[in-house]
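FYI, in full-length UniProt numbering the residues of the sequence shown are 1 to 314.
Cβ atoms here follow ideal geometry from the backbone N, Cα and C, with glycine treated the same way.
What follows is one structure encoded as structure tokens, with my remarks underneath.
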Amino acid sequence: MALEESLHRVTAALAIAVAAVAMSAACSLRPPPSADAVAPLNPVPGGSAAASASDGPADEAASATVTEPTDAPAPVSTDPAPVRWQVGAAPLPTRSDGLGEILPTPPELIDRSLPTPDLLPVPPNDDYAATVAAVPEEVLARSTWHAGCPVDAAELRYLTMSFWGFDGGHHTGEMIVHADVAESVVAVFGRLHADRFPLEEMRVTAAWELDTAPTGDGNNTSAFVCRAAVGSGAWSAHASGLAVDVNPFVNPYVRSDGVVLPELASAYVDRSRVRAGMILEGDVVTTAFDEVGWAWGGRWSSPLDLMHFSATGG
């Protein structure tokens, strides 16, 4: 009996040992975990498993793969382009007296400050420069002079003078005047230059300008124009080169019957609102012309000719 119990215990122990050995062998045959086993189920596109398994925040991991451009273009402005006025582009309806209709000043011209077109070479420096010469044939040909004018071509002189524009730039202008007043005119515009009084334009008036419909927006500073005086059959002082009109748009001709020339310049009839290029009593313009003995139309009662200076008083 005792022997049988001993054999039974030995048999049970052997069975337990065999089971333990089998279990150990089975465990040793299982393959080691692969990289795929620990990869995330939804890896970051284009990234690696290691990067996506980073301990850092997700936005840091993403930012590590972003490169900021170093030459990115500047943002495109959506603001509208500044409005530019094209002088002489829109003829006005014509009145029975040949003038254009007198219309309100367009908003673009109420505070007029248009750039100056350069027809002659720009001055090399900021100094005042002027020349006086006989009128070249090509200049005479494009001017308003003809054989019926009250002055012979030989009595006229061609001036070039530097001036400051409404645009702040330094420009060279041209003008035809009578020989007797050439030096005086050069001196006057030298004073205006020294004071940086702005002029929009200074060029010889062309013949075709007398034959086209008025546009009412001109602002050319000029002298010789072979024409009759406004509202009169008599020759103007301009027809002899003895008068100068300075910035006519901002210094208009005003008649008691409501006529304003240029026809779009009504906003400048009010002289209490001072703007660039306006001529006022006692300023550098009236003072300079007074010094050479010229009369100013701005002192007339009617018509009031604010642009006009003349050696003859008319």
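W296 to D167, Cα distance in whole Å? Locating residue 296 in the sequence shown gives position 296, counting from the first residue. Locating residue 167 in the sequence shown gives position 167, counting from the first residue. Cα-Cα distance, rounded: 26 Å.
If you check the beta carbons only, do L109 and P214 fall under 8 Å apart? Your numbering for residue 109 matches position 109 in the sequence shown. Your numbering for residue 214 matches position 214 in the sequence shown. No; because the gap between Cβ atoms is not below 8 Å, this pair is not in contact.
If we cut at 8 Å on Cβ distances, does D257 have a partner in chain B? Judged by its chain identifiers, the structure shown contains no chain B, having just a single protein chain.
From this set, A187, P248, L304 and R196, which residue's C-alpha is nearest D217's C-alpha? Position 217 of the sequence shown, counted from the first residue, corresponds to residue 217. Checking every option, the nearest Cα to that of D217 belongs to P248.
Between which two residues does the beta strand (DSSP E) holding V177 run? Numbered from 1 along the sequence shown, position 177 holds the residue referred to as residue 177. Unbroken beta strand (DSSP E) run through V177: H170 to H178.
Please work out which residues of its chain come closer than 8 Å, Cβ to Cβ, to A130, disregarding the five sequence neighbours upstream and downstream, and give them in chain order. Mapped onto the sequence shown, residue 130 falls at position 130. Here the set comprises L159, T160, M161, S162, V186, F189 and G190.
Residue span of the beta strand (DSSP E) that contains S310, given as start and end: On the sequence shown, position 310 is the one that residue 310 refers to. Counting along the chain, the beta strand (DSSP E) containing S310 begins and ends at H308 to S310.
Are the CB atoms of G282 and P198 nearer to each other than 8 Å? If you number the sequence shown from 1, residue 282 lands on position 282. If you number the sequence shown from 1, residue 198 lands on position 198. It is not a contact, given that the beta carbons lie outside the stated cut-off.
Taking the DSSP output, what are the residues bridged to E108? The residue you call residue 108 lines up with position 108 of the sequence shown. None; E108 has no bridge partner.
C-alpha gap between A234 and A228, whole angstroms: By one-based count along the sequence shown, residue 234 stands at place 234. By one-based count along the sequence shown, residue 228 stands at place 228. Whole-angstrom Cα-Cα distance: 5 Å.
Cβ-based burial, H178 [other Cβ within 10 Å; buried from 16]: Position 178 of the sequence shown holds residue 178. It counts as buried.
Would you decide whether G241 is buried or exposed? Buried here means 16 or more other CB atoms lie within 10 Å of its CB. Indexing the sequence shown from 1 puts residue 241 at position 241. Label assigned to G241: buried.
Is the number of C-beta pairs between the segment 117 to 136 and the segment 192 to 211 that are closer than 8 Å three or more? yes
Apply the 10 Å Cβ neighbour rule to P93 and answer buried if 16 or more other Cβ atoms are within range, or exposed otherwise. Here residue 93 refers to the residue found at position 93 of the sequence shown. Exposed, because fewer than 16 other Cβ atoms sit within 10 Å of the Cβ of P93.
Sub-8 Å separation of V250 and H238 beta-carbons: Here residue 250 refers to the residue found at position 250 of the sequence shown. Here residue 238 refers to the residue found at position 238 of the sequence shown. Not in contact: V250 and H238 (Cβ atoms no closer than 8 Å).
Cβ pair T105, A265 closer than 8 Å: Reading the sequence shown from its first residue, position 105 is the one you call residue 105. Reading the sequence shown from its first residue, position 265 is the one you call residue 265. Going by C-beta atoms, T105 is nearer than 8 Å to A265.
Identify the continuous alpha helix (DSSP H) that holds T205 and give its terminal residues. Along the sequence shown, one-based indexing puts residue 205 at 205. Run containing T205: none; DSSP gives neither H nor E here.
Option nearest R95 by Cα separation, candidates G88, D152 and L103: Looking up residue 95 in the sequence shown gives position 95. Here the closest residue by C-alpha is L103.
DSSP on D305, reduced to helix/strand/coil? Position 305 of the sequence shown, counted from the first residue, corresponds to residue 305. Here D305 sits in strand by DSSP.
Compare the C-alpha of V244 against each of H308, D152, A90 and V87 and name the closest. Looking up residue 244 in the sequence shown gives position 244. Looking at the Cα atoms, H308 is the closest of the given residues.
Could you name the residues of the same chain whose beta carbon sits closer than 6 Å to that of T312, not counting the 5 residues immediately before and after it, in chain order? Within the sequence shown, the letter at position 312 stands for residue 312. Hits under 6 Å: A237 and L242.
So which of T221, V292 and P303 has the shortest CA-CA distance to G258? Along the sequence shown, read from residue 1 onward, the residue named residue 258 stands at position 258. Residue P303 is the option with its Cα nearest to G258.
I'd like the span of the alpha helix (DSSP H) that includes A184, first residue to last. Here residue 184 refers to the residue found at position 184 when the sequence shown is read from its first residue. Reading off the sequence shown, one finds Ser at residue 184, where the question assumed Ala. First-last of the alpha helix (DSSP H) with S184: A182 to A194.
Go ahead and pull the three-state DSSP assignment for A58. Translated into positions along the sequence shown, residue 58 becomes position 58. With a pLDDT of 39 at A58, under the threshold of 50, the predicted position of this residue should be treated as unreliable, though the coordinate-derived value follows. If DSSP states are grouped into helix, strand and coil, A58 belongs with the helices.
By DSSP, does R154 sit in helix, in strand, or in coil? Walking along the sequence shown from the start, residue 154 turns up at place 154. The residue asked about is misnamed: residue 154 is Ala in this sequence, not Arg. If DSSP states are grouped into helix, strand and coil, A154 belongs with the helices.
Answer with buried or exposed for D305, where buried requires no fewer than 16 other C-beta atoms within 10 angstroms of its C-beta. Along the sequence shown, one-based indexing puts residue 305 at 305. So D305 counts as buried.
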